[in-house]
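Enquirer:
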Amino acid sequence: MSIPLSWYLVLSAALFSIGLFGVLSRKNAIAILLGVELMLNAVNINLVAFWRYLDPVQMAGQVFAIIVFAVAAAEVAVGLALIISVYRRRKTVIADEVDLMKW
Amino acid sequence: MTPVQIIFLLCAALILASALMVVTTRNLIHAALWLVAVLFGVAVLYAILDASFMAVVQVVIYIGAIAILFIFAVMLTRREMRDRGPQLRKGWWLAALLALLVFAGLAFLLVTQPGVNRTAAAIPPGLDTLGKLGTALVSPNGYVLPFEVASILLLAALIGAVYVAVSKK
Amino acid sequence: MTTETIIWLLPLPPLLAFFLIVLFTNKHKALSHSLAVGAAGLSWLGSMLVFARALGVHEFGKEVFESTFNWLPTGGTWLKIGVLIDPLSAVTLFFVAWTVLMIFIYSIGYHNFGQPKGDHDRAGLPPHGATVTDEKGHKHSVPSIEPMYSRFFAFIGLFAFGMYTLVVSNNLLTLFVGWEIMGLCSYLLIGFWYGKESARNAAIKAFITTRVGDVFMLLGIAFLYSATGTLSFREIFRPEVLQALATTVTPFFGLSAAGFIGLLLFIGTIGKSAQWPLHVWLPDAMEGPTPVSAMIHAATMVSAGVYMIIRMFPLISAGWEPGTPLNPTMSIIAFIGAFTALFAATIALAQNDIKRVLAYSTISQLGYMVAALGIGAYVAAAFHLITHAFFKALLFLGSGSVIHGMEHGVLHTGDHSVDPQNMFNMGGLRKKMPITFWTFLIGGFALSGFPVLTAGFWSKDEILADAFGRGHWAVFATLALAAFLTAFYTMRQITLTFLGGPRTKEAEHAKETPWTMTLPLVILSVFAVGFGWVGIPEHFPLIGGLLPNWFHEFIGPTLAEVPEAAPFSLWPLLTSLCVAVGGLFFGWLVYRKVKSPKQDFLQIPLLKNKYYFDEAYDFLFVRPAYWIAETFTYLFMDRAVIDGILHTVGRAALGLGSFLRNYIDKPVINEFIGDGTGNVVKKAGSSLRRIQVGRIQAYMIASLTVIVIVAVAYYLLVV
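Residue numbers (our numbering), protein chains in the order written: chain A, 1 to 103; chain B, 1001 to 1169; chain C, 2001 to 2719.
Written out as structure tokens, the structure is:
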């Protein structure tokens, strides 16, 4: 394997930042969740890369990544359910319009 | 430039471009589809990293379930939204700046760590990573507890999602 | 029961009677007077027992009945109080017991026990008569019972307690206690009919005047205590103590300590025994009921003053030997006594009220005793004290009886403008009130000093003999003149009251008084006659030597050195015979023809108005006191100065408070700090609340910004 570890890490950082940008700047709530997915994937890349490059014999890295999968899945499910529920009440999915908890 | 490196670079470009499209495109369905592209690229990366199980699971779960879920959700919430107007909030430039700073910081920190430019050691021959993974997941000396907890988490999420999303008739 | 125990118990029955009457039996008249008379009787019994035992003691002056106990701890030693019966207090106890009991019995009749309640009687005013209808339907007025009957007996019970305490005391402190209790009761009893303004004023006058004397007496007691460390008589009269006191010179007029203390104590006597110049209260004290006048102002309280000074004779005469000139204190005492005797006698000549005459007579006779003591005639002074108590009590009770008889007449005629106490409204009462007449006559003769048969003769003669024998010519002449005047005004009184014919209708209808009043008169007249015979001087012509001079032998040993009887001389005897008989004769001669005040040549304004002493004191003391109280203390000091200070402080506080409130509290603390802080917080809050926009992406951006900034700063500064 001739790819240096740093490439993976930079890639994951970039993906993470893009996901962050998406979370912070998209109007639609579902789009925010898309950004969150990007961030999670970046994390996963990081984890698996470290597993491979540091100690592939130990399975901890992969297991960690698998748990992250599970959590991401759960989170998406609940998040989308919430968005749908909110959509039903407020007829909107724009995050900025769900601002009742304000001053 | 070894071939693996080239593949990696292509893959990275795909991932990053698709990710940018995910966060900037106006049409949400398109965004979800671009997400599928990202996920796919990540799966290729897993394969390069000898995490074959991960690659498959990525495709099956992420693309097959989660992305579909997203598309379903978009479709369910489209009635009032017509994908018109700007998709980015008012303060998007600040977010962009922040993201940039975060990236810069992270990259800088990561790159200045000693030993980050190493290359991967070869996997010892005869190492059955998949078998070992399976064993690790369910072995009491391994990670059965997080595994089970994650299961419960999924169960809770399932129940919660159903409860939240069920509409009162 | 030992004699000492009996002596301790003597004052208690009347005190008990006082408390029981006040607390429980106030509504029951019969029970109250029974308690009081019973108590007086018990004390009388005890006194007679003690007296009898005292008679039986050989050399009673040296052996005495004494009992003390430690009372107050004073540093290393104790102040002891106790009782003492020596010869002087034994005979005093005798006459006090008899007179108190007689007066208590007399009061039952005087306050008309058994009579119906009056028509318009109110508590605080003398009873005014009740209308009764007899079988035939005729209405007539009868005397009514005193509304405050029980209260009277309570007060005289308290008074008796005070007197007994004084007599049995062995020290000046408890003597003074008894003295003051009697002073209080005198005030209460003079003002008994408190509804009358004249009675109220008289009570205050009596109390204040005697208080003046009491203040000096208290100073004397204090001085004595600080000089000797004790107040017991037996301790003070030890020769070494007296010697020390007699030789210490005080910075006051160069008197010795003994002389100065004696003088201060004597001033107490001047007040209490109504000597000049503090005599003004006694005539006004006649406002009280007659038993009060008899008891307090004739027999006991005023006698207490003389008793005290006789008791303190060793102190007064410390350093004096019989035959030498008198020391300054004794001279002052002799002067005041003799002067008062003559002074009061002259005033008595012009009084028309039956009780006023007796009041001035009392002052005069007390002057005799004081003068006797002043010249050193110890035994004579004591003798006259006792005989005077008997016959003056007799005379006062007799006058009360006369007034009662006259009031009967007044109720009969219904003319209440007639004063039943004015002698010029009386006359011929010997036929209407025989017992009263004869007993009054005996008393009057005793007072005048009718030879041989009356006690007054013996005691007065002894005083004159002492004055003559020791060479005090001025005192002798003054007292002899006073004796003449005494006999004169006494006969004037008897003539106007009893002899001749009734001058008014009221006198015609006078009636003899019941037995509760006449019995004490009879008993007292026995003493008025007989008591003199125990003191017949040895060398008296004809009778002297037949009966021993028991009195002299009994009383004499009270002093450390038994005083000698005065050398017998015929001159004082002749003088006293002349003045007594002469005064009586002239009095009868002049007044049997006098029918009205206009015919009375002695109605001189100067005498009638008592030498204007009351007016002088009013001007010199009473008015300035009122001025000080009203104008100076009340208006100026209290209202203007003190209230002014208070009001100023109040206004200042108010001003300060307003200032603090309006200039510091409200603007600074309330508005600036209090409301200001609130406003600042409110404004900050309402400004800051706007960051809570409700949009999570905004929150995330904000937090991430901060994190980035902090991370960069951390990296740059720390790392």
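Glycine is no exception: its CB is placed at the ideal position from the N, C-alpha and C atoms.
#1: Measure from the alpha carbon of C:VAL2594 to the alpha carbon of each residue in C:ALA2487, C:PRO2011 and C:PRO2502, then state which is nearest.
#2: Considering only DSSP beta bridges, list what C:PHE2069 is partnered with.
#3: Locate the alpha helix (DSSP H) running through C:SER2703, then write down its first and last residues.
#4: Is it buried or exposed for C:CYS2185, if we count other Cβ within 10 angstroms and need 16 for buried?
#5: Between the C-alpha atoms of C:GLY2038 and C:LEU2620, what's the straight-line distance to the nearest angstrom?
#6: Give, in chain order, every unbroken run of the beta strand (DSSP E) that is at least 3 residues long and sits entirely within the segment 2136-2213 of chain C.
#7: Is the number of C-beta pairs between the segment 2137-2150 of chain C and the segment 2066-2080 of chain C that are closer than 8 Å three or more?
#8: Give a yes or no on whether the C-beta atoms belonging to C:ASN2112 and C:ILE2145 are separated by under 8 Å.
#9: Within a Cβ cutoff of 7 Å, which residues of the same chain sit near C:ALA2040, ignoring the five residues on either side of it in sequence?
#10: Mind checking if C:VAL2693 is an interface residue toward chain A, Cβ cutoff 8 Å exclusive?
#11: Counting only the same chain and skipping the five closest in sequence on each side, list residues whose C-beta sits under 8 Å from that of C:LYS2117.
#12: Please determine, among C:LYS2196, C:GLY2319 and C:ALA2487, the residue with the shortest C-alpha to C-alpha distance to C:TRP2588.
#13: Where C:MET2423 and C:ASN2201 are concerned, what is the direct C-alpha to C-alpha distance, given to the nearest angstrom?
#14: Which one of C:HIS2128, C:GLY2655, C:GLY2137 and C:ARG2234 has the shortest CA to CA distance from C:LEU2559?
#15: Checking contacts by CB at 8 Å: is A:ARG26 closer than that to chain B?
#16: Are there any heavy atoms of the ligand PLP lying less than 7 Å away from the beta-carbon of C:THR2439, as far as the coordinates show?
#17: Are the C-beta of A:ALA95 and some C-beta of chain C separated by less than 8 Å?
#18: Quick one, which of C:PRO2563, C:LEU2542, C:TRP2550 and C:GLU2553 has its alpha-carbon nearest C:VAL2570's?
#19: Just grab the DSSP bridge partners of A:ILE94 for me.
#20: Any idea what DSSP makes of C:SER2256, helix, strand or coil?
#21: Please list, in chain order, all residues of the same chain as C:ASP2086 whose beta carbon is under 6 Å from its beta carbon, the five residues on each side excluded.
#22: Any contact of the segment 1099-1112 of chain B with the segment 10-20 of chain A, i.e. 3+ C-beta pairs under 8 Å?
#23: Among the candidates C:PHE2554, C:ALA2684 and C:VAL2681, whose CA atom is the shortest distance from the CA of C:HIS2058?
#24: Just reading off the beta strand (DSSP E) that C:THR2133 is part of, what are its end residues?
#25: Scan the segment 1088-1115 of chain B for residues whose Cβ lies nearer than 8 Å to a Cβ of chain C and list them as they occur along the chain.
#26: Assuming A:LYS102 and C:GLY2678 make a contact with CB atoms under 8 Å, what is their CB distance in whole Å?
#27: Could you tell me the distance, in whole angstroms, from the CA atom of C:MET2330 to the CA atom of C:SER2273?
#28: When you check each C-beta in the segment 46-63 of chain A against every C-beta of chain B, which residues fall closer than 8 Å?
#29: Kindly list the residues whose CB is nearer than 6 Å to the CB of C:ALA2446, restricted to its own chain and excluding five residues on each side of it in sequence; keep chain order.
#30: Taking a contact to mean a Cβ-Cβ separation below 8 Å, would you say B:ALA1073 touches A:SER85 in this structure?
#31: Which residues of the segment 1045-1057 of chain B have a Cβ closer than 8 Å to any Cβ of chain F? Give them in chain order.
#32: Examine chain C for any beta-carbon lying closer than 8 Å to the beta-carbon of A:VAL86, and answer yes or no.
#33: C:LEU2574: buried (16+ other C-beta within 10 angstroms of its C-beta) or exposed?
#34: Once DSSP output is grouped into helix, strand and coil, what is the label at C:LEU2546?
#35: Between the segment 2459-2470 of chain C and the segment 2398-2416 of chain C, do three or more beta carbon pairs fall short of 8 Å?
#36: Can you give the beta carbon distance from A:VAL48 to A:ALA65, rounded, assuming they're within the 8 Å contact cut?
Expert: This is what the structure holds:
#1: Nearest to C:VAL2594 by alpha-carbon distance, out of C:ALA2487, C:PRO2011 and C:PRO2502, is C:PRO2502.
#2: The partner list for C:PHE2069 (beta bridge, DSSP) reads C:ILE2081.
#3: Where C:SER2703 is concerned, the enclosing alpha helix (DSSP H) starts and stops at 2696-2717.
#4: By the Cβ-count criterion, C:CYS2185 is buried, with 16 or more other Cβ atoms from all chains shown falling within 10 Å of its own Cβ.
#5: Approximately 47 Å, taken between the alpha carbons.
#6: Runs found: 2139-2142.
#7: In this structure the segment 2137-2150 of chain C does not touch the segment 2066-2080 of chain C; the number of beta carbon pairs closer than 8 Å is below three.
#8: In terms of Cβ geometry, C:ASN2112 and C:ILE2145 form a close pair [threshold 8 Å].
#9: Within the same chain, Cβ atoms closer than 7 Å to the Cβ of C:ALA2040 are found at PRO2014, VAL2100, LEU2101, PHE2104 and ALA2160, the five residues on either side in sequence being excluded.
#10: The C-beta of C:VAL2693 comes closer than 8 Å to at least one C-beta of chain A.
#11: ALA2130, SER2144, ILE2145 and PRO2147, listed in sequence order.
#12: Taking only the C-alpha atoms, the option nearest C:TRP2588 is C:ALA2487.
#13: C-alpha of C:MET2423 to C-alpha of C:ASN2201: approximately 24 Å in a straight line.
#14: That would be C:ARG2234, whose Cα lies nearest to the Cα of C:LEU2559.
#15: With a threshold of 8 Å between beta carbons, A:ARG26 makes contact with chain B.
#16: Absence of the ligand PLP is noted for the structure shown, with no ligands found whatsoever.
#17: So yes, A:ALA95 belongs to the interface.
#18: In the sequence as presented, Val is not what sits at residue 2570 of chain C; that position holds Leu. From the listed residues C:PRO2563, C:LEU2542, C:TRP2550 and C:GLU2553, the smallest Cα separation to C:LEU2570 is found for C:LEU2542.
#19: A:ILE94 pairs with A:ASN28.
#20: The three-state reading of DSSP puts C:SER2256 in strand, counting E and B together.
#21: Counting only Cβ-Cβ distances below 6 Å, and skipping sequence neighbours, we find VAL2064 and THR2558.
#22: They touch, by the three-pair rule.
#23: Nearest C-alpha to C:HIS2058: C:PHE2554.
#24: In the DSSP annotation of this structure, the continuous segment of the beta strand (DSSP E) that includes C:THR2133 starts and ends at 2130-2133.
#25: Those residues of the segment 1088-1115 of chain B placed with their C-beta closer than 8 Å to a C-beta in chain C are ARG1089, GLY1091, LEU1094, ALA1095, LEU1098, LEU1101, VAL1102 and GLY1105, ordered along the chain.
#26: About 24 Å; that fails the 8 Å criterion.
#27: Distance between the alpha carbons of C:MET2330 and C:SER2273: 17 Å.
#28: Residues of the segment 46-63 of chain A with a C-beta less than 8 Å from any C-beta of chain B: VAL48, ALA49, TRP51, ARG52, TYR53, PRO56, VAL57, MET59, ALA60, GLN62 and VAL63, listed in chain order.
#29: PHE2391, THR2454, ALA2455, GLY2456 and ALA2528, listed in sequence order.
#30: Against a cut-off of 8 Å, the Cβ pair of A:SER85 and B:ALA1073 comes out as no contact.
#31: Absent from the structure is chain F; the protein chains it does hold are A, B and C.
#32: Judged by the 8 Å Cβ criterion, A:VAL86 is not in contact with chain C.
#33: Classification for C:LEU2574: exposed.
#34: DSSP places C:LEU2546 in the coil class of the three-state scheme, outside both helix and strand.
#35: Result no; under three Cβ-Cβ pairs closer than 8 Å.
#36: Contact holds; Cβ gap of about 5 Å.
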